[in-house]
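Asks: The sequence shown runs 374 to 804 under the numbering used here.
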Amino acid sequence: MKTNFQAIVVGAGPAGASAALIMARAGLDVALVERGTFPGEKNMFGGVLHRIPALEEVFPDFWERAPLERHIIKKGVTFVTEGSSFSTVIEAGSFDRPPFNGYTIFRPRFDAWLAGEAVKAGATLIARSTVDDVVTRNGGVVGVSVLDRGVLNAPVVIAADGVLSFTAMKAGLRRQTFDPAQMAVGVKALLDLPKGVIDERFGLVRNQGFANEFVGCTSGVRGGAFLYTNYDSLSVGLVFHLASLRTSSKTPYDLLNAFLEQPQVAKMVRGGRLQEYSAHLIPEGGYDMIPELVGSGILVAGDAAALCNATGVHLEGINLAVRSGVLAGQAVIAAHQSGDFSRQGLATYRRLMEESHVLKDLRKCRLAPHMLHNDRIYNDYPELVCGLMEDIYRIDGGPKETLTQLFLKRARKKIGVKNLVADAFSAWRAL
Ligand SMILES: Cc1cc2nc3c(=O)[nH]c(=O)nc-3n(C[C@H](O)[C@H](O)[C@H](O)COP(=O)(O)OP(=O)(O)OC[C@H]3O[C@@H](n4cnc5c(N)ncnc54)[C@H](O)[C@@H]3O)c2cc1C
């Protein structure tokens, strides 16, 4: 097996495959090391692939080439209580034409396709290979050690091995332990359902898709739920704050089953045949969780660098992973031109990241993860919203009250004016 390369990428997820693709296209000899038997084999997400201009720059006809399920034209939020639900839905014509705003995808297909494009560009994919350490010389990373295979050498390594990134940890760029308050866990059920049933049930035609998020359905655990339409299946799942889940006595699967049985949700998934369950961690600590992005001979991209923007309104990970992978690749190309792989030589990556939407967005939403550690969001506000809507539409023969009167009556009882003001201020600062 060939052991010397100009760059090594650890992990063939969206971040790693993008980095390898950019570098291979520039003519670098790149190894893309992946522990799965093929890229994407065990990767999962919700998930909606949000629009990625970084991929459109590489593939101008991205939506025709990539293995996509449906493009999202309808986006909804549903507040759920035990007895009722209230939904808002935006259906936008502009989301129904290229460049589409987002797509549902299956990771095994999408990741394998993206890594395949890197291979077509000249990268060497080394699958079934788990990196278990970095190799250092004079304090700088000069390769990786691969379990049962030996050492691969390169003057620079990109750690794109996901949320638990042992590569970044072994290189001393991130801490050895995680703060459960900065982590979430997602569980998902994939339910087969014929395309025609999905189209009719959710009001879709052709490859149009629907993405819906739910608040108030996690039995007191901080978190939310999602339902996304694939071509002929539904992805349905929950995301929980790890610290909150840990202190509850509940298991994710029990909570998922309870969610699927909620009357409002049961109607949406009726007839769906369970295809698989899966679970994965999400780095949700935002800007304050980002480790050192650059070391001597090493860069960190994607979830490995905690580049996930979970604000309660958005959950963006793959678009940030791809952009960071592309920028890491560009920084390595520049380092090859200058011949400088030191921390200073690779600092271009930090600069490019600062200029990109990735760090700008995460910095702007820096307070969002803190705001989301508020139990009222998951219990009291869904009850307030659903209760208020019931009050507005209930006809009981009594004199009508104004919307302000109805709102204040409910809000005083459920939340309290002081909390309401504090929560509004916190949301305004975070979002
Ligand atoms: C339930 C859930 C829902 C989500 N929903 C969304 C969503 O709707 N939209 C969105 O944009 N994002 C979403 N995300 C986040 C998104 O999945 C991640 O941000 C994204 O996958 C990060 O890509 P990555 O390439 O950095 O890491 P990963 O996708 O985790 O890829 C890492 C790769 O490295 C490999 N690897 C790991 N360790 C090693 C090793 N030691 N040696 C070799 N290879 C290794 C893995 O096998 C994997 O292929 C969701 C995540 C979850 C869990």
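All C-beta atoms in this analysis are idealised placements derived from N, C-alpha and C, irrespective of residue type, glycine included.
At which residues does the beta strand (DSSP E) containing Glu774 begin and terminate?
Replies: Start at 1 with the first residue of the sequence shown, and residue 774 comes out as number 401. Careful: Glu774 lies outside any beta strand (DSSP E) and carries neither H nor E.
Asks: Quick one: Cα of Ile381 to Cα of Val758, how far?
Replies: The residue you call residue 381 lines up with position 8 of the sequence shown. The residue you call residue 758 lines up with position 385 of the sequence shown. Spanning the alpha carbons of Ile381 and Val758 requires a straight line of approximately 51 Å.
Asks: Could you give the DSSP three-state label for Lys782: helix, strand or coil?
Replies: Residue mapping note: residue 782 aligns to position 409 of the sequence shown, counting from 1. Helix, per DSSP.
Asks: In whole angstroms, give me the CA-to-CA distance for Glu689 and Asp769.
Replies: Taking the first residue of the sequence shown as 1, we reach residue 689 at position 316. Taking the first residue of the sequence shown as 1, we reach residue 769 at position 396. Taking the straight line joining both Cα atoms gives about 44 Å.
Asks: Between Ile603 and Ala694, what straight-line distance do the alpha-carbon atoms span, to the nearest angstrom?
Replies: In the sequence shown, counting from the first residue as 1, residue 603 sits at position 230. In the sequence shown, counting from the first residue as 1, residue 694 sits at position 321. Sequence check: residue 603 is Asn here, not Ile. Whole-angstrom Cα-Cα distance: 22 Å.
Asks: Name the residue from Gly644, Thr684, Lys787, Thr721 whose alpha carbon lies nearest to the alpha carbon of Val673.
Replies: On the sequence shown, position 300 is the one that residue 673 refers to. Ranking Gly644, Thr684, Lys787, Thr721 by Cα distance to Val673 puts Thr721 first.
Asks: Is the region 733 to 748 touching the region 411 to 426 in the sense that three or more CB pairs, one from each, lie closer than 8 Å?
Replies: no
Asks: What residue does the beta strand (DSSP E) around Leu600 start on, and which one ends it?
Replies: Translated into positions along the sequence shown, residue 600 becomes position 227. Where Leu600 is concerned, the enclosing beta strand (DSSP E) stretches over 596 to 602.
Asks: Is the beta carbon of Leu618 closer than 8 Å to that of Ser592?
Replies: As a first step, residue 592 is located in the sequence shown; it is residue number 219 there, counting from the start. As a first step, residue 618 is located in the sequence shown; it is residue number 245 there, counting from the start. Cβ atoms of Ser592 and Leu618: not closer than 8 Å.
Asks: Please say whether Ala708 and Ala392 have beta carbons closer to each other than 8 Å?
Replies: Here residue 392 is taken as the residue at index 19 of the sequence shown, counted from 1. Here residue 708 is taken as the residue at index 335 of the sequence shown, counted from 1. For Ala392 and Ala708, no; Cβs fall outside 8 Å.
Asks: May I ask you to list the residues that DSSP assigns as paired with Pro472?
Replies: Reading the sequence shown from its first residue, position 99 is the one you call residue 472. Looking at the DSSP output, Pro472 shares a beta bridge with no other residue.
Asks: Quick one: which unbroken alpha helix (DSSP H) runs of 4-plus residues sit fully inside the region 608 to 661? Chain order, please.
Replies: 615 to 620, 625 to 634, 636 to 642
Asks: Tell me, please, which residues DSSP counts as bridged to Asp565.
Replies: For the purposes of this step, residue 565 is taken as residue 192 along the sequence shown, with counting starting at 1. Its beta-bridge partners are Ser606, Arg646.
Asks: In terms of alpha-carbon separation, which member of Leu525, Glu414, Asp434 lies closest to Phe483?
Replies: On the sequence shown, residue 483 is found 110 positions in, with the first residue counted as 1. The shortest C-alpha separation from Phe483 is found at Glu414.
Asks: Run the CB neighbour count on His746, radius 10 Å, all protein chains shown included, and call it buried at 16 or more, exposed below.
Replies: For this step, residue 746 is matched to residue 373 along the sequence shown. Looking at its Cβ environment, which holds fewer than 16 other Cβ atoms inside 10 Å, His746 is exposed.
Asks: Between Leu761 and Leu779, how many whole angstroms is the CB-CB distance? I'm expecting something under 8 Å.
Replies: As a first step, residue 761 must be located in the sequence shown, where it is residue number 388. As a first step, residue 779 must be located in the sequence shown, where it is residue number 406. Their Cβ separation, rounded to whole angstroms, is 6 Å, which keeps Leu761 and Leu779 in contact under 8 Å.
Asks: Shortest alpha-carbon distance to Glu665 belongs to which of Arg547, Lys640, Val731?
Replies: As a working mapping, residue 665 is identified with position 292 in the sequence shown. That would be Arg547, whose Cα lies nearest to the Cα of Glu665.
Asks: Based on DSSP bridge pairs, tell me the residues matched to Glu689.
Replies: Numbered from 1 along the sequence shown, position 316 holds the residue referred to as residue 689. Note: Glu689 sits in a beta bridge opposite Asn682.
Asks: How long is the line joining the alpha carbons of Pro553 and Val594, rounded to whole angstroms?
Replies: Within the sequence shown, residue 553 is the residue found at index 180, counting from 1. Within the sequence shown, residue 594 is the residue found at index 221, counting from 1. Approximately 14 Å between the Cα atoms of the pair.
Asks: Using the DSSP secondary-structure output, state which residues sit across from Thr477 in a beta bridge.
Replies: Your numbering for residue 477 matches position 104 in the sequence shown. Checking the DSSP bridge columns, you'll see Thr477 partnered with Val421.
Asks: Can you tell me whether DSSP reads Met374 as helix, strand or coil?
Replies: By 1-based counting over the sequence shown, the position of residue 374 is 1. If DSSP states are grouped into helix, strand and coil, Met374 belongs with coil.
Asks: What's the gap between the Cα of Cys590 and the Cα of Arg574?
Replies: The residue labelled residue 590 in the question sits at position 217 within the sequence shown. The residue labelled residue 574 in the question sits at position 201 within the sequence shown. When rounded, the distance between both Cα atoms is 21 Å.
Asks: Straight-line CA distance for Cys681 to Pro772?
Replies: The residue given as residue 681 occupies position 308 in the sequence shown. The residue given as residue 772 occupies position 399 in the sequence shown. Answer to the nearest angstrom: the Cα atoms are 49 Å apart.
Asks: Assuming Ser697 and Val667 make a contact with CB atoms under 8 Å, what is their CB distance in whole Å?
Replies: By 1-based counting over the sequence shown, the position of residue 697 is 324. By 1-based counting over the sequence shown, the position of residue 667 is 294. The pair is not a contact, with the Cβ atoms about 12 Å apart (cut-off 8 Å).
Asks: Given Arg480, which residues of its chain have a CB within under 7 Å of its CB, disregarding the five upstream and five downstream residues?
Replies: Within the sequence shown, the letter at position 107 stands for residue 480. The answer, listed in chain order, is Gly413, Asn416, Met417, Phe418.
Asks: Let's see if you can read the secondary structure: which residues bound the beta strand (DSSP E) around Ser799?
Replies: Within the sequence shown, residue 799 is the residue found at index 426, counting from 1. Careful: Ser799 lies outside any beta strand (DSSP E), inside the alpha helix (DSSP H) at 790 to 803.
Asks: Under a Cβ-count criterion, where at least 16 other Cβ atoms within 10 Å of its own Cβ denotes burial, should Tyr626 be classed as buried or exposed?
Replies: By 1-based counting over the sequence shown, the position of residue 626 is 253. Counting every other CB atom within 10 Å of its CB across the protein chains shown gives Tyr626 a total below 16, marking it as exposed.
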